[in-house]
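This report refers to the structure that appears directly beneath it.
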Amino acid sequence: ILLFLPAGHDTTASAICWTLYNLARHPHYQEKCRQEVMELMEGRSGDEIEWEDLSNLSFTTMCIKESLRLHPPVQAVTRKYTQDMTLPGDLTVPEGVICLVSLYGTHHNPEVWSNPHEFDPLRFDPANIKSHSSHGFIPFSSGPRNCIGQKFAMAELRVVLALTLLKFRLTLGVNPECSSSSGTVRRLPQLVLRAEGGLWMQLEPLKESCLREPPNK
């Protein structure tokens, strides 16, 4: 129970926060995701997203994966060697040793990813995936003991992100607790989300006209 609570809630919340933040920093990607969601929901009266809809959110999924690469909710995993393992250079890791695998380090390794600190969802375009290392992207770990809830987590991420973009436009915010030059505290009319590390975002409600027409019109 203790494992499921933090693994199933805190990690997903972190992934949602960072994805929203990255889309706020890159408005052109945000608008492309919003357009994708609007086309999916066109002609529907409600805001419900069906399971079958998730496969049609391809670019939104690419943005989520790139956020998971840049900001993996789990920084590292460990594995215990069940037998001696020979490594290059005549090195041997003895049985019983616990090895720490850095997910963050792997995702930011310049030998694995070009411009690793840049937010580029097109890395996960189906046309580019074949060039990836098989274990270069492991936000849910890998192998037979990888995350048991990764499919549910990805579904949850896509649904939350899609419904958020359908109603709100994300912009980088200003800390409302900071004083202005006049000495007064600036209060923002929009909803402000604070991510870990002092990152601020504003959620500006979209007008009805924005919901009915694509942004480029």
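In this text, residue positions in the sequence shown follow the working numbering: the first is -15, and each later residue adds one.
The beta carbon of each residue, even a glycine, is placed where N, CA and C say it ideally should be.
*Within 10 angstroms of its Cβ, does Y65 collect 16 or more other Cβ (buried), or is it exposed?*
Locating residue 65 in the sequence shown gives position 81, counting from the first residue. Per the 10 Å Cβ criterion, exposed.
*Which of helix, strand or coil does DSSP assign to T155?*
The residue given as residue 155 occupies position 171 in the sequence shown. Residue state, collapsed to three classes: strand.
*Are the beta-carbon atoms of A(-1) and L141 separated by less than 8 Å?*
Here residue -1 refers to the residue found at position 15 when the sequence shown is read from its first residue. Here residue 141 refers to the residue found at position 157 when the sequence shown is read from its first residue. Contact flag set, yes.
*Find out if the Cβ-Cβ distance for the pair L145, A8 is shorter than 8 Å.*
Counted from its first residue, the sequence shown places residue 145 at position 161. Counted from its first residue, the sequence shown places residue 8 at position 24. Result no, Cβ atoms of L145 and A8 do not sit closer than 8 Å.
*Return the chain-ordered list of same chain residues with a C-beta closer than 7 Å to the C-beta of H101, the five sequence neighbours on each side being excluded.*
In the sequence shown, counting from the first residue as 1, residue 101 sits at position 117. Once the five neighbours on either side are set aside, the close Cβ partners of H101 are H92.
*In or out: K49 buried (at least 16 other Cβ within 10 Å) or exposed?*
Taking the sequence shown and counting its residues from 1, one reaches residue 49 at position 65. Buried, by the Cβ-count rule.
*Burial state of E20 (16 or more Cβ within 10 Å)*: As a position in the sequence shown, residue 20 is number 36, starting the count at 1. With 16 or more other Cβ atoms within 10 Å, it is buried.
*Could you check what DSSP says for E36 in three-state terms: helix, strand or coil?*
In the sequence shown, the residue the question calls residue 36 occupies position 52. It is helical.
_Buried versus exposed call for S51 [16 or more other C-beta atoms within 10 Å across all chains shown]_ = The count along the sequence shown starts at 1 and reaches residue 51 at position 67. When all chains shown are included, S51 counts as buried.
*Can you give me the start and stop residues for the alpha helix (DSSP H) that S42 sits inside?*
For the purposes of this step, residue 42 is taken as the residue at position 58 of the sequence shown. S42 to L54 is the extent of the alpha helix (DSSP H) around S42.
*Would you mind giving the Cβ-Cβ distance between L54 and F103, rounded to the nearest angstrom? I have them listed as a contact below 8 Å.*
Position 70 of the sequence shown, counted from the first residue, corresponds to residue 54. Position 119 of the sequence shown, counted from the first residue, corresponds to residue 103. Correct: roughly 6 Å between the Cβ atoms.
_Taking 8 Å as the limit between beta carbons, can you name the residues of its chain near G80, skipping five residues before and five after?_
Residue mapping note: residue 80 aligns to position 96 of the sequence shown, counting from 1. Excluding residues within five positions, the ones whose Cβ falls inside 8 Å are K64 and Y65.
*asked:* Do P128 and M46 count as a contact pair if the criterion is CB distance below 8 Å?
replied: In the sequence shown, the residue the question calls residue 46 occupies position 62. In the sequence shown, the residue the question calls residue 128 occupies position 144. In this structure, M46 sits away from P128, with a CB-CB distance that is not shorter than 8 Å.
*C-alpha gap between R28 and V143, whole angstroms*: Within the sequence shown, numbered from 1, the residue matching residue 28 stands at position 44. Within the sequence shown, numbered from 1, the residue matching residue 143 stands at position 159. R28 and V143: Cα-Cα distance of roughly 16 Å.
_Alpha-carbon to alpha-carbon, K135 and E36_ = One-based indexing of the sequence shown puts residue 36 at position 52. One-based indexing of the sequence shown puts residue 135 at position 151. The alpha-carbon atoms of E36 and K135 are separated by roughly 14 Å.
*asked:* Since V61 and S125 should fall inside the 8 Å C-beta cutoff, what is the C-beta to C-beta distance between them, to a whole number of angstroms?
replied: Walking along the sequence shown from the start, residue 61 turns up at place 77. Walking along the sequence shown from the start, residue 125 turns up at place 141. About 5 Å separates the CB atoms of V61 and S125; that is less than 8 Å, so the two are in contact.
*asked:* Taking the straight line between their C-alpha atoms, what separation do you get for A111 and T44?
replied: Start at 1 with the first residue of the sequence shown, and residue 111 comes out as number 127. Start at 1 with the first residue of the sequence shown, and residue 44 comes out as number 60. Straight-line Cα distance between these residues: approximately 16 Å.
_Please classify N130 as buried or exposed, where buried requires at least 16 neighbouring CB atoms within 10 angstroms._
For the purposes of this step, residue 130 is identified with residue 146 of the sequence shown, where counting begins at 1. N130 comes out exposed.
*Taking 8 Å as the cut-off, decide whether the C-beta atoms of Y13 and P56 are in contact.*
In the sequence shown, counting from the first residue as 1, residue 13 sits at position 29. In the sequence shown, counting from the first residue as 1, residue 56 sits at position 72. No, the Cβ-Cβ distance between Y13 and P56 is not below 8 Å.
*Apart from the five residues just before and just after I122, which ones in its own chain have a Cβ nearer than 7 Å to its Cβ?*
As a working note, residue 122 is residue 138 in the sequence shown. The residues are L87 and T90.
*asked:* Restricting to Cα atoms, I'd like to know which of E15, L84 and H116 is closest to W97.
replied: For this step, residue 97 is matched to residue 113 along the sequence shown. W97 has its Cα closest to that of H116, out of E15, L84 and H116.
*Should L147 and D31 be called a contact, given that it needs their Cβ atoms to be closer than 8 Å?*
Residue mapping note: residue 147 aligns to position 163 of the sequence shown, counting from 1. Residue mapping note: residue 31 aligns to position 47 of the sequence shown, counting from 1. Contact: yes.
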